[in-house]
Amino acid sequence: MFSTLITVALFAAASIRGVAADPFQIATPTSVKQCQEVDLSWSGGSAPFNIIAVPAADPCADALYDLGDSDQWTKKWTPKLPAGTYMLSLLDTTGEETWSGEITVEAGDNSCVPANLLASASSAAAASSSAAASSVLSSASVAVTGTTSPSTSGTVGPVGAVGSEPFQSSGASHTTAPVMVLGALAAIAAFIL
Numbered sequence: 017m018f019s020t021l022i023t024v025a026l027f028a029a030a031s032i033r034g035v036a037a038d039p040f041q042i043a044t045p046t047s048v049k050q051c052q053e054v055d056l057s058w059s060g061g062s063a064p065f066n067i068i069a070v071p072a073a074d075p076c077a078d079a080l081y082d083l084g085d086s087d088q089w090t091k092k093w094t095p096k097l098p099a100g101t102y103m104l105s106l107l108d109t110t111g112e113e114t115w116s117g118e119i120t121v122e123a124g125d126n127s128c129v130p131a132n133l134l135a136s137a138s139s140a141a142a143a144s145s146s147a148a149a150s151s152v153l154s155s156a157s158v159a160v161t162g163t164t165s166p167s168t169s170g171t172v173g174p175v176g177a178v179g180s181e182p183f184q185s186s187g188a189s190h191t192t193a194p195v196m197v198l199g200a201l202a203a204i205a206a207f208i209l
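So this is what it looks like as structure tokens:
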């Protein structure tokens with residue numbers, strides 16, 4: 017009987033510990049400008065952490081910039097990136113990964129941005145403007161009979177809403193309810209036995 021009580025107590029303690037743990041999430045910074053320091057913060061996970069910046073259009077692409085490692089749950093970051101939209105990937109020591117929402121880096125003093133990133137950004141801009149010009153030339157014979165306006169009623173995000181509302185939605189919150197129920201059932205079983 018005593019061993020059953022100990023087993024149930026250990027299971028309940030593990031359940032409560034799982035409920036109390038912070039989900040691994042990174043806060044998406046706002047008002048980010050080139051070469052101006054910004055504070056990053058996150059919760060959960062196990063230190064040390066590695067942080068990289070990736071293009072928002074292709075978050076699984078190679079890292080554009082490695083922000084380095086941190087033993088803390090905060091880090092100061094100077095965005096050494098061309099103006100554009102990015103995401104941050106945060107990896108903890110156990111291999112757990114979380115993503116920020118989209119971060120818009122506004123144009124500003126770009127003296128800290130590496131030349132190779134500036135060159136690739138300007139060549140991408142030139143390619144998109146020449147593609148737009150050729151698109152306009154090739155569609156000159158098309159008659160437009162109506163007008164449309166873009167819809168902003170819905171949002172599109174990554175599968176599983178990764179990075180959306182980082183401190184308010186998390187996959188971890190979906191697992192805490194069953195853990196709490198199992199902990200409560202274990203406690204009831206301990207009292208009955």
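So for the sequence shown, our numbering puts the first residue at 17; every next one is plus one.
Positions of the beta carbon are idealized from the N, C-alpha and C atoms, including for glycine.
Looking at residue 77: is its Cβ nearer than 8 Å to the Cβ of residue 69? Position 61 of the sequence shown, counted from the start, is the residue given in the question as residue 77. Position 53 of the sequence shown, counted from the start, is the residue given in the question as residue 69. The answer is no: Cβ separation not under 8 Å.
Output the boundary residues of the beta strand (DSSP E) element that contains residue 114.
Within the sequence shown, residue 114 is the residue found at index 98, counting from 1. 113-115 is the extent of the beta strand (DSSP E) around residue 114.
* In the DSSP assignment, find the unbroken beta strand (DSSP E) run with residue 86 in it and report its ends. => The residue you call residue 86 lines up with position 70 of the sequence shown. Note, residue 86: beta strand (DSSP E), 81-86.
Q. What is the C-beta distance between residue 64 and residue 86, in whole angstroms, given that I count them as a contact (C-beta under 8 Å)?
A. Taking the sequence shown and counting its residues from 1, the one referred to as residue 64 is at position 48. Taking the sequence shown and counting its residues from 1, the one referred to as residue 86 is at position 70. Residue 64 to residue 86, Cβ: 6 Å. Contact.
For this session: Could you spell out where the beta strand (DSSP E) holding residue 55 opens and where it closes?
Result: What you label residue 55 is simply residue 39 of the sequence shown in a count that begins at 1. Per DSSP, residue 55 belongs to the beta strand (DSSP E) from 54-59.
Quick one: grab the DSSP three-state call for residue 65.
Reading the sequence shown from its first residue, position 49 is the one you call residue 65. Three-state DSSP puts residue 65 in a strand.
What does the alpha-carbon distance come out to for the pair residue 124 and residue 51? What you label residue 124 is simply residue 108 of the sequence shown in a count that begins at 1. What you label residue 51 is simply residue 35 of the sequence shown in a count that begins at 1. Rounded to the nearest angstrom, the two C-alpha atoms are 7 Å apart.
Report task. Could you check what DSSP says for residue 199 in three-state terms: helix, strand or coil? Result -> Sequence index remark: in the sequence shown, residue 199 carries index 183 (1-based). Residue 199 falls in the helix class under three-state DSSP.
- Item | Selection from 209, 59, 72, 94 that minimises the alpha carbon distance to residue 103 | Locating residue 103 in the sequence shown gives position 87, counting from the first residue. For the residues 209, 59, 72, 94, the minimum Cα distance to residue 103 belongs to 72.
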